[in-house]
Structure formats: C-alpha cells, structure tokens
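Notes follow once the structure below has been shown.
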Amino acid sequence: MLENVSAEPSHPTKDVTQHVGYLLKRTQAALRGAMDKVLREHGLTVPQYATLELLALYPGMSNADLARATFVTRQSGNVVLRGLQEEGLITRPATADHGRARPAHLTEEGNARLAAVQAAVYAIEQRMVEAIPAQRLAVLLADLDRMAAALEE
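Take the sequence shown: its letter number 91 is residue 91 in this note's numbering, and every next letter is one higher.
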C-alpha cells in the first residue's frame with residue numbers, strides 16, 4: 001500500500017520545466033545533441049563511441065556487459081558491435097570459448113578512430129562542467145550518483 005506517497009512534486013514549483021527529472025532530461029538531450037553532431041563527423045553514433053571508450057578501458061567486455069554500460073538493450077548492443085566489427089573497429093571471435101560471450105577488442109583502426117574523436121567529445125563535457133563552480137562539481141557528481149542509486153533499488 002502506498003499511503004505515504006504524495007502526488008505533489010518534491011519541491012514547491014508546479015512548473016514541470018523546473019522539476020529535477022525534466023532538467024536532467026533537458027541536460028541529457030543537450031549533451032546527446034552536441035555529441036551526435038561531433039560524432040557524425042567521424043562516422044560514429046553515441047552508442048558506438050561509448051562502446052569504443054569502454055573497450056579501450058576494459059578490453060574483452062561481452063555484448064551483455066557493453067549493453068548495460070552503454071544503456072542499450074542486448075539486441076541493440078549486438079547491432080552496435082556488428083556495425084563496429086564490419087567497419088574494422090573491433091574484433092570478436094566467431095564463436096565463444098565457453099558460454100555465449102564473445103569478448104570484443106579494439107583494432108588499431110578502432111583505437112585510431114577513438115583517439116580522433118575523444119578530444120572533441122571531452123571538450124563537450126568540459127563546456128558542460130565549466131558551467132558549474134569547481135567547488136560544487138564533486139557534490140553534484142555524488143548527488144547524481146545517489147539519485148541514480150535510489151531509483152535502481
């Protein structure tokens with residue numbers, strides 16, 4: 001029973017454009033738009049770029065792990081991996097050694113494409129972060145992490 005749940009917003013404004021969820025979505029949409037523009041110039045999508053970044057940090061990740069980490073379904077993650085493999089940016093074995101996981105690895109071309117676009121993507125994040133006073137950034141990051149964790153419970 002949800003006796004203590006209120007239909008009122010968690011803060012005084014009735015203007016939905018001032019709600020936390022709306023502002024988070026607006027920020028996410030602005031980030032995605034800026035990234036789409038830069039990545040398109042390099043022939044990549046946001047999920048493809050995220051996959052390349054993750055594989056550079058964690059070589060051998062499986063499709064399931066990459067899908068979770070890039071916020072897409074397994075099916076979409078598999079489409080992303082196939083596209084990257086067809087472009088010669090990653091390699092995966094034809095069959096799995098055990099289970100169904102086929103670990104992915106960046107190729108030389110994948111590393112080069114990632115390196116070519118990283119500075120532009122990092123500049124976007126820097127522009128976004130510079131809008132926040134430096135002394136508040138750590139608190140904001142911790143707050144965002146706690147908000148996500150509260151919803152994942």
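Using N, Cα and C, we set each Cβ at its ideal position, and we do this for glycine too. These figures come from a predicted structure and were not determined experimentally.
- Here DSSP, grouped into helix, strand and coil, assigns I90 to strand.
- For the 7 Å CB-CB criterion, M35 and V46 form a contact.
- By the 16-neighbour rule on beta-carbons within 10 angstroms, R74 is exposed.
- Contact between L81 and T51 holds: their C-beta atoms lie close to 7 Å from each other, under 8 Å.
- A straight-line Cα-Cα distance of about 25 Å links R113 and A101.
- In terms of Cβ geometry, P59 and H105 form a close pair [threshold 7 Å].
- Taking the Cβ atoms as the reference, G83 lies roughly 7 Å from Q48, within the contact range of under 8 Å.
- The three-state reading of DSSP puts L44 in coil, since its state is none of H, G, I, E or B.
- Taking H42 as the centre and dropping the five residues before and after it, the same chain places the C-beta of R113, A116, V117 closer than 7 Å to its C-beta, in chain order.
- Taking the Cα positions, A150 is about 30 Å away from A123.
- In its chain, beyond the 5 residues on either side, V38 have a beta carbon closer than 6 Å to the beta carbon of A120.
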